[in-house]
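Beneath this line is the structure, given in structure tokens, with notes to follow.
The following block contains the structure:
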């Protein structure tokens, strides 16, 4: 499968982490991505390893496994790998393709360059992470 630049841009534009990124910045972000194919059963990211990429599933499916336990199923449009790319710490879970899967990947150094070079990307990532943190903590302090 070969994804067009427009398809890569659309996949990343649909990621909540990039909500509010200007279309021209999204196009530049998509230009930094690569397409990666994984057969069923292949580990895409391994728990405990430092991450070198952020992924969006273009087609196929995967499962998230933390400490040997299935915690989530991923489908086209779902994303993973942002925490390790942002903080440089080991991955908190493993992601395994459950069927032939195509991902659009953004290497950690490209992610950092995009955040540094495109202010709307940096602001969107900050807002996206703040929203996720708020969702996790809301209700526990009220």
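Residue numbers (my numbering): 292 to 433.
We put the beta carbon where it would ideally sit given N, CA and C, even for glycine.
In chain order, 381 and 382 place their CB closer than 7 Å to the CB of residue 340, counting only its own chain and leaving out the 5 sequence neighbours on each side. Taking residue 365 as the centre and dropping the five residues before and after it, the same chain places the C-beta of 348 and 353 closer than 6 Å to its C-beta, in chain order. Under a 10 Å Cβ-count criterion, residue 373 is classified as buried, with 16 or more other Cβ atoms of the shown protein chains found around its own Cβ. The alpha-carbon separation between residue 332 and residue 390 amounts to approximately 7 Å.
Within the region 311–358, the alpha helix (DSSP H) runs of at least 4 residues that lie entirely inside it are, in chain order, 314–322.
Counting along the chain, the unbroken alpha helix (DSSP H) around residue 404 starts and ends at 399–408. Taken through DSSP and simplified to helix, strand or coil, residue 305 comes out as coil. Residue 299 counts as buried, since no fewer than 16 other beta carbons sit within 10 angstroms of its beta carbon. In this structure residue 409 is buried. Its beta-carbon is surrounded by 16 or more other beta-carbon atoms within 10 angstroms.
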